[in-house]
Every structure is written in structure tokens, then in C-alpha cells.
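Here is the structure we will look at, set down as C-alpha cells.
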Amino acid sequence: MTILVTGATGNVGSNVVEQLFNRGADVRALVRDPAKASLPESVDVVQGDLLDVDSLRSAMSGVSTLFLLNGVVADEFTQALITLNVAREAGIERIVYLSVIHSVIYVNVPHFAGKFGVERMIEQMGMNATILRPAYYMDNEITILDAITGYGIYPMPIGDKGLAMIDARDIGEIAAIELIRREQSPTPLPLTRINLVGPDTLTGANAAAIWSEVLGREIAYPGEDTVGFEQNVRQFMPGWMAYDMRLMAERFVSDGMLPENGDVDRLTTLLGRSLRTYRDYVAQIAG
Numbered sequence: 052m053t054i055l056v057t058g059a060t061g062n063v064g065s066n067v068v069e070q071l072f073n074r075g076a077d078v079r080a081l082v083r084d085p086a087k088a089s090l091p092e093s094v095d096v097v098q099g100d101l102l103d104v105d106s107l108r109s110a111m112s113g114v115s116t117l118f119l120l121n122g123v124v125a126d127e128f129t130q131a132l133i134t135l136n137v138a139r140e141a142g143i144e145r146i147v148y149l150s151v152i153h154s155v156i157y158v159n160v161p162h163f164a165g166k167f168g169v170e171r172m173i174e175q176m177g178m179n180a181t182i183l184r185p186a187y188y189m190d191n192e193i194t195i196l197d198a199i200t201g202y203g204i205y206p207m208p209i210g211d212k213g214l215a216m217i218d219a220r221d222i223g224e225i226a227a228i229e230l231i232r233r234e235q236s237p238t239p240l241p242l243t244r245i246n247l248v249g250p251d252t253l254t255g256a257n258a259a260a261i262w263s264e265v266l267g268r269e270i271a272y273p274g275e276d277t278v279g280f281e282q283n284v285r286q287f288m289p290g291w292m293a294y295d296m297r298l299m300a301e302r303f304v305s306d307g308m309l310p311e312n313g314d315v316d317r318l319t320t321l322l323g324r325s326l327r328t329y330r331d332y333v334a335q336i337a338g
């Protein structure tokens, strides 16, 4: 049977596809524009949209397992509910959903609250799923690389509670492992949740210190100006999204994004290796 991957051309989704491909899985990728999809030749690329019910029904024909990833967009919640309902209608009983860590804590942050709502649907409707709850992506640092190297500051207002940052490649590999585990099970497996975290929990000062070490010059952490952060990100994203990001940053400052006991050991065992470190990621993108 076939594993359907949504969000297949994004940073996490493309890693999921690659990891599934490397493991010999039969993969179908749902994309908006197949002409722009750069995926392995054996991947069945289909055109579709998470709000286009007809395209979803077509994409799910013959599918046994679903990986649901949908981006931070204004109608993210609706997209996810539509997709899961169509999957249920198609008889798909093996699902991996990419949620977010602390969705039950960050209740005022729109894209966190939406993901928690999706989790509630999965649980209340008795769907057989793995809910992956990633912490902050190391890969977000690409968006601030110019500020770090050009202005000598680490501009993300992440506070002093700490974020358990994780590499998107680790997320993709864990997702693929879970998808294949569910795909190969003789019967649908029960609901489970997995926090996806990195090996280190980093504060703003920690992150700046690592950048200083890697670049060989002082990188400062200016603090938690979330209002200024919102104004800065409005230069390259819609106002509603910039405000969403500000609300998230405020929860970084007040609550952090911390792993639970045993999370790192669980992921290390699952992967059969150590999780990628923030310092190694910084060295990679700085080089």
C-alpha cells in the first residue's frame, strides 16, 4: 500500500519523503504544483490542495497511511480537519500528524491552539495516530542568519527559560520511522504522542554564545523586545502572522519550550543515534 505525505516539498516534508524513499516505502506526495516538486523519481507526485476535497479524495485512493503536515496559514485548522475527515471517509486508519509541543500551554497562540484542536479531533474520534509534537526548529535560524552575521545580534526573543531546539532532519527521520511502523503493523496501532526535542535546551544568551564561538566574534543577545520583533517580521509576512509569531515569542519568554523527562532518551533510542546539536547546525549554516 501507499504512504501519502502532505506538505511534501517543505523543509520537514521533503525530509520525510527522502527518509521514506531511502527505506523503500511506496510514497505519494501531495503538492500544489508538481512542476516545482523536486522529489525522487519513484515518488508518485499528485497535484492537490488541503481545501480541495475532490483532489484529496483522489490523492487518498489506495492510500493506507497518511502523514499530515500543514503550514502556518490563516486557514490551517480548517485544512487539517478537512484532510482528516476525508482520510476517515477513505478508510485510512494509520496516521502521523505533525503538531507542536506545548500546544495545551500556548493556548492564546493561534497556530498552537489550532494544532491542539486537531489533536482533540484525532483523540475524540478514536483515530489511530501518532501525534508528533516538535519544539522550535533549528532551521528557523536561516531566517535570521543575515541579522546575526551582518549586525552582530541574535534577534529571536526566546528568553531565558530555554527552548529544546530540534533539527528538521531529525523530525523527518522520526516521522518516517513512525509512518513505517504504522504501515507495517498487521492492525492499526493505538494513539500515541511523541515530543520531538533536541539534545540541548537553549536560552537567548546560550544561542548568542554559540554563534559567537562559531563565528569567532561577539554576537549579542539584545533581550525580549517582542513588540519590535513583530514589527521586524512584518516586513516579510502578513500582519496576522507577525502577530501570531509575537504571541509565540511571548510564551517562549514566559514558559519556555522544555522537554519532559525521558524525551531525549526516547528519541535517541528511536533513531539509534544521537540527536543533532544546535552547535553543529550553526556551524553548518554559518559556513
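Okay, so the sequence shown: first residue is 52 according to our numbering, each after it adds one.
Don't be surprised by glycine CBs; every beta carbon is placed ideally from N, CA and C.
Limits of the unbroken beta strand (DSSP E) element including residue i
i: L81; result: 78-82
i: L119; result: 114-119
i: V96; result: 95-98
C-alpha gap between residue i and residue j, whole angstroms
i: L55; j: D103; result: 16 Å
i: Y148; j: D331; result: 28 Å
i: I204; j: R145; result: 44 Å
i: V284; j: A293; result: 6 Å
i: Y272; j: L247; result: 26 Å
i: L321; j: H153; result: 21 Å
i: Q286; j: M207; result: 15 Å
i: L266; j: A219; result: 23 Å
i: P310; j: S150; result: 15 Å
i: L318; j: R232; result: 15 Å
i: S109; j: Y187; result: 34 Å
i: A337; j: L196; result: 8 Å
i: V124; j: V169; result: 15 Å
i: S263; j: S236; result: 47 Å
i: E229; j: N179; result: 12 Å
i: E281; j: G75; result: 43 Å
i: T277; j: F163; result: 18 Å
i: N159; j: F167; result: 11 Å
i: I199; j: D295; result: 23 Å
Anticipated Cβ contact below 8 Å, residue i with residue j, distance rounded
i: G249; j: G210; result: About 17 Å; that fails the 8 Å criterion.
i: V333; j: I261; result: 6 Å
i: M52; j: D77; result: 7 Å
i: I156; j: L117; result: With a Cβ gap of about 27 Å, I156 and L117 do not count as contacting.
i: L242; j: I173; result: 7 Å
Residues bridged to residue i (per DSSP)
i: T53; result: V114
i: I143; result: Its beta-bridge partners do not exist; DSSP assigns none.
i: I245; result: L183
i: A271; result: I204
Continuous alpha helix (DSSP H) stretch holding residue i: start and end
i: I182; result: No alpha helix (DSSP H) contains I182, which is instead part of the beta strand (DSSP E) from 180-185.
i: V169; result: 161-175
i: G43; result: Here the chain comprises residues numbered 52 to 338, so residue 43 is not present and cannot be evaluated.
i: E301; result: 290-306
i: Y329; result: 329-337
i: A226; result: 219-235
Distance CB(residue i)-CB(residue j) smaller than 9 Å
i: L214; j: G307; result: yes
i: A138; j: L119; result: yes
i: L68; j: V94; result: First, the amino acid is wrong: residue 68 is Val here, not Leu. Yes.
i: V114; j: A226; result: no
i: T57; j: N121; result: yes
i: T181; j: L240; result: yes
i: P161; j: L298; result: yes
i: L81; j: G61; result: no
i: T134; j: L90; result: no
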